[in-house]
Amino acid sequence: MALDDSKKVKNFKVVGTRPNRPDGIDKVTGRARFGADMVAPGMLTGRILRSPHAHARILRIDASKAEALPGVKAVVTRADFGDVPDHVADVMDNCMAGDKALYDGHAVAAIAASSAAVARKALKLIEVDYEVLPHVTDVDEAMKPGAPVLHEGRQQETVPSGMSGNVIARSEFGHGDIEAGLAKADRVVERTYRTGATHQGYIEPHACLATMSADGQGDLWVCTQGHYMVRNVCAAILGLEQGQLRVTASEIGGGFGGKTVVFLEPVALMLAKKSGRPVKMVMSRSEVLRATGPTASTSIDVKIGMTKEGRITAAFAELRYQGGAYPGSPVDMGAMSAFAPYDLENVKTVGWDVVTNRPKAAAYRAPGAPMAAYAVESAIDELAKGFGLDPLAVRLMNGADEGTKASYGPTYPAIGLKATLEAAHRHPHWTAPLGENQGRGVACGFWFNFGGDTCVSLNVTPDGTVTVSEGNPDIGGSRASMTMMAAEELGIPYDQVRTIIADTGSLGQNEVTDGSRVTFAVGLATIEAARAAKREMCRRAAMIWGIDEEAVEWEDGAARPAGPNAGKFPPMTIKEIAAVASNTGGPIAGHHEVTAEGAGVSFATHMVDVEVDPETGATKILRYTVFQDAGRAVHPSYVEGQFQGGAVQGIGWALNEEYIYGEDGILQNAGFLDYRIPVASDLPMIDTVILEIPNPGHPYGVRGVGETSIVPPLAAVANAVSAAAGVRMTRLPMSPPRVLAAMQAAKG
Amino acid sequence: MVKVVLWGSLAESAEGQREVAVEAATLRDLLDGLGETFPGLRAELERGVSVSIDGRVYNDSWFTPIRPDSEVVLLKRLKGG
């Protein structure tokens, strides 16, 4: 649906304001119900037995002693699931290991018991015989020909013969002639960068409550980013018809991509089926870190040539991403997005998807892009500074604009990269003085955004208030933004609309809350549903007035006669029309079902000041500013929150966070004491500058904002730390020991 | 005929061509035509692709119209978080 250019939508009355969030009271008073908050009569406690080995063949599982323990009502292993369709085979194997355990923490068996104490005791009674196999957790090691191989026969036709079976796929993007471009450069920088695997760090662990009745109907209450996805995947794994499984999304305590897949849910349903009782499962923090979906760790080679004036003549990157134990790392997204902010004549990226003995990577905000941006933006920064050039000016000189052929292929429509760079250049942050041991870094970032299947139902109640039903969990303020767009379109106050998250039985298929899609796609459907309701209300008013419905228009929450022959009737408000709906044809509603396309790409520029302690190597963030294009900021406070949250997660990725595996392949830091995410006391207030370059693919111009904000911070912080430390940092996280070692090595 | 730009490694499955032409008025025609004309592309098409048409990215809408002069670029299937 194209941008609505009429005068009416330009004079927004609700969109762009900052009303209170509709879920705020429940969340601050503890009334909101999250995944672990639901109970059911006769409920059992489900627990998972997990592999203590990084790679092992499962020779035998004997659960007889556990089954004999009083209070144990069901035991589930992979054998209970039987064959599953190909499209969910890896998901099944990740939820419950088959022949092999592929990583430390891989689920091997599950128990449902009358209490948590009984369940814990029963887990210890399950006997598992393992044949321990050699393992590999590092991406570069996994690619070597002699590396232990996780799967046979999974390599795609894109991989050259002779490579390790752990190399699953190769992809290549770009245009032009790299060698010819490099020959025109005054200087070429060629470096290898590495990033650690990080977790999304959502506060709420995975949790669900499953019931399965004897007639095959199931219900699932679950903390997820996509309850329709949960329904579809679980139905496929358990052999259910989708219509027989109703899934309700709980409130969600963060997801950031990590809750776009299932882990517990099929197991909980199988335990419920076998026991005939409701089963609740809640992960511990250790389980979340060991056995859900962190992001990929990476190893990236970058080679960029630049003239002394700052023009990039050629840009090449080879990206190696390990995505854990199953194919599907986000390397394609990294390879397509790596150079997307730039207008380049010669550009090429090569991506390698690699499996290792780690938990299967899940999405994490702009999956694959932050690591690629870190490598590319570090090299550009090094080149710019090497020539004594302003790094923002260099990015502006090379920046993509409307009409640029993107490095991944298409020609850009109107985009906002240069607007973010220009705003950064004008901002007082850019010229603020720096002190001793301090450095400033900048970086750009890009994300695609997308839409997908979306349904909205808007109902006008008999008293003229409005309810909106959407099918996406409210993970970033969707109830507020849908309420605002419905109120805007209907011309009624914000407090006259309430938005709810419907269960899977109440609406058609909805894509997962991912790809920064919800404000764009669900907003688009909400606007169309409101327009449908307005048309119906105009029709009802026309019936009452005895005039043609074409002679009625909707303005400021009321139907009004319009045109020279419409007659003179006082406006009928939404409340007046709703009050007589039973007399004019029945209840009034508007619906819209769509596969939303045309989401519109998004760009950001980040600027950060740091101070590095020369004695410890510790980095302190002093000041941080985000400049990002939001298309149209429906609720600016939420948009600012998305900008700030992405920046903070990126800071953690840059400075602290990393999955650390021992020589034994066991995760060494499976808890928030040892896996250190930044907290409020670590950071200054993150400043934000919202730019609004309307998306031509949305009636109000909305673009997704949820993911782009995590793309630049790794590089921005690395560039700042490199400036402060006086040495280029090429490995994340830049923990104090690494920074100190780099500084000492640079001093010789 | 619609000209379709393939990403680098995909060209290897289309007889080395970075740009191919197929008869297509819609996205569905395009995907069907690519698979029929270049069987080497079928594995990737079955794994799922996104398609940029005149700078806008489409994933699933079969009946999205394509003009003969549209810029059409095949992309890896977009994933988000």
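So the sequence lines, in the order shown, correspond to chains A and B. Taking our numbering, I'd label the letters of the first sequence as residues 13 to 760. Taking our numbering, I'd label the letters of the second sequence as residues 1178 to 1258. We put the CB at the ideal spot given by N, CA and C, even for glycine. None of the values given here were measured: they were computed from a predicted structure.
Same chain only: Cβ atoms within 7 Å of residue i, ignoring 5 sequence neighbours per side
| i | result |
| --- | --- |
| A:Pro-146 | His-67 and Pro-160 |
| A:Leu-114 | His-67, Leu-162, Ala-337 and Asn-369 |
| A:Pro-626 | Asn-449 and Met-755 |
| A:Arg-297 | Pro-217, Gly-683 and Phe-684 |
| A:Ile-70 | Ala-109, Asp-111, Lys-112, Ala-113, Val-120, Val-140 and Tyr-142 |
| A:Met-224 | Gly-230, Leu-281, Ala-284 and Lys-285 |
Cut-off 6 Å between Cβ atoms - residues of its own chain near residue i, not counting five sequence neighbours on either side
| i | result |
| --- | --- |
| B:Val-1234 | Ser-1227 |
| A:Lys-315 | Glu-202 and Phe-328 |
| A:Met-497 | Gly-535, Thr-538 and Ile-539 |
| A:Trp-665 | Thr-210 and Leu-726 |
| A:Glu-523 | Gly-464 and Asp-465 |
| B:Val-1182 | Glu-1196 and Val-1250 |
Neighbourhood of residue i by C-beta, 8 Å cutoff - its chain only, sequence neighbours within 5 removed
| i | result |
| --- | --- |
| A:Ala-352 | Ala-412, Ala-418, Ser-419, Tyr-420, Phe-458 and Val-613 |
| A:Ser-18 | Summary for A:Ser-18: the model assigns pLDDT 48, below 50, so the residue's position carries little reliability, and this model does not support an answer. |
| A:His-99 | Ala-248 |
| A:Asp-526 | Gln-237, Gly-238, Gly-269, Thr-272 and Ala-375 |
| A:His-439 | Met-619, Thr-637, Phe-639 and Val-701 |
| A:Lys-320 | Asp-198, Arg-199 and Phe-399 |
CB-CB length for residue i against residue j, believed under 8 Å
| i | j | result |
| --- | --- | --- |
| A:Ala-373 | A:Gly-335 | 4 Å |
| A:Pro-690 | A:Ile-663 | 5 Å |
| A:Cys-235 | A:Gly-47 | 3 Å |
| A:Val-406 | A:Leu-283 | Wrong, their Cβ atoms sit about 58 Å apart, outside the cutoff. |
| A:Ser-721 | A:Gly-658 | 3 Å |
| A:Ala-616 | A:Val-739 | Not quite, the Cβ-Cβ distance comes to about 27 Å (not below 8 Å), so this is no contact. |
| A:Ile-123 | A:Gly-58 | 7 Å |
| A:Ser-481 | A:Ile-512 | 6 Å |
| A:Arg-332 | A:Ile-312 | 7 Å |
| A:Gly-520 | A:Gln-654 | Rounded, the Cβ-Cβ distance is 27 Å, inconsistent with contact. |
Where residue i sits in the DSSP three-state scheme
| i | result |
| --- | --- |
| B:Asp-1206 | helix |
| A:Lys-19 | Confidence is the limiting factor: at A:Lys-19 the pLDDT is only 39, short of 50, which leaves the residue's position unreliable, though a coordinate-based value still follows. The answer is helix: DSSP assigns A:Lys-19 an H, G or I state. |
| A:Pro-403 | helix |
| A:Leu-502 | helix |
| A:Trp-557 | helix |
| A:Glu-627 | coil |
| A:Asn-484 | coil |
| A:Lys-546 | helix |
| A:Lys-5 | Outside the modelled stretch of chain A, which goes from 13 to 760, sits residue 5 of chain A, for which no answer is possible. |
| A:Arg-203 | strand |
| A:Leu-194 | helix |
| A:Gly-186 | strand |
| A:Trp-665 | helix |
| A:Val-651 | helix |
Bridge-paired residues (DSSP) for residue i
| i | result |
| --- | --- |
| A:Met-155 | Paired residues: none, contrary to the question. |
| A:Glu-143 | A:Arg-69 |
| A:Trp-459 | A:Ser-614 |
| A:Val-638 | A:His-618 and A:Thr-700 |
| B:Val-1197 | B:Val-1181 |
| A:Ala-329 | A:Val-314 and A:Thr-361 |
| A:Ala-44 | DSSP lists no partner for A:Ala-44. |
| A:Asp-231 | A:Thr-223 and A:Arg-258 |
| A:Gln-508 | Bridge partners of A:Gln-508: none, in fact. |
| A:Cys-467 | A:Glu-605 |
Selection from the options that minimises the alpha carbon distance to residue i
| i | options | result |
| --- | --- | --- |
| B:Arg-1219 | A:Phe-93, A:Tyr-333, A:Val-100 and A:Gln-168 | A:Gln-168 |
| B:Lys-1253 | A:Arg-33, A:Asp-150, A:Ala-347 and A:Ser-649 | A:Ala-347 |
| A:Pro-371 | A:Leu-404, A:Gly-317, A:Val-300 and A:Gly-415 | A:Val-300 |
| A:Val-622 | A:Gln-680, A:Gly-165, A:Gly-451 and A:Val-468 | A:Gly-451 |
| A:Phe-581 | A:Lys-587, A:Thr-596 and A:Glu-565 | A:Glu-565 |
| A:Gly-598 | A:Asp-486, A:Val-472, A:Asp-526 and A:Met-697 | A:Val-472 |
| A:Gly-602 | A:Val-26, A:Met-383, A:Cys-467 and A:Val-120 | A:Cys-467 |
| B:Pro-1216 | B:Gly-1257, B:Leu-1187, B:Val-1249 and B:Met-1178 | B:Leu-1187 |
| A:Ala-119 | A:Thr-149, A:Arg-166, A:Leu-395 and A:Leu-61 | A:Leu-61 |
| A:Arg-30 | A:Gly-713, A:Gln-661 and A:Val-646 | A:Val-646 |
| B:Leu-1208 | B:Gly-1257, B:Val-1249 and B:Lys-1256 | B:Val-1249 |
| A:Asp-198 | A:Met-619, A:Leu-395 and A:Arg-206 | A:Leu-395 |
| A:Glu-263 | A:Asp-507, A:Trp-557, A:Gly-36 and A:Glu-561 | A:Gly-36 |
| A:Val-701 | A:Gly-428, A:Gly-400 and A:Pro-576 | A:Gly-428 |
| A:Ala-222 | A:Leu-257, A:Gly-188 and A:Ile-190 | A:Leu-257 |
| B:Glu-1222 | B:Ile-1230, B:Asn-1236 and B:Phe-1240 | Looking at the sequence shown, residue 1222 of chain B is not Glu but Leu. Nearest of B:Ile-1230, B:Asn-1236 and B:Phe-1240 to B:Leu-1222, Cα basis: B:Asn-1236. |
| B:Leu-1255 | A:Glu-330, A:Asp-116, A:Val-366 and A:Ala-381 | A:Ala-381 |
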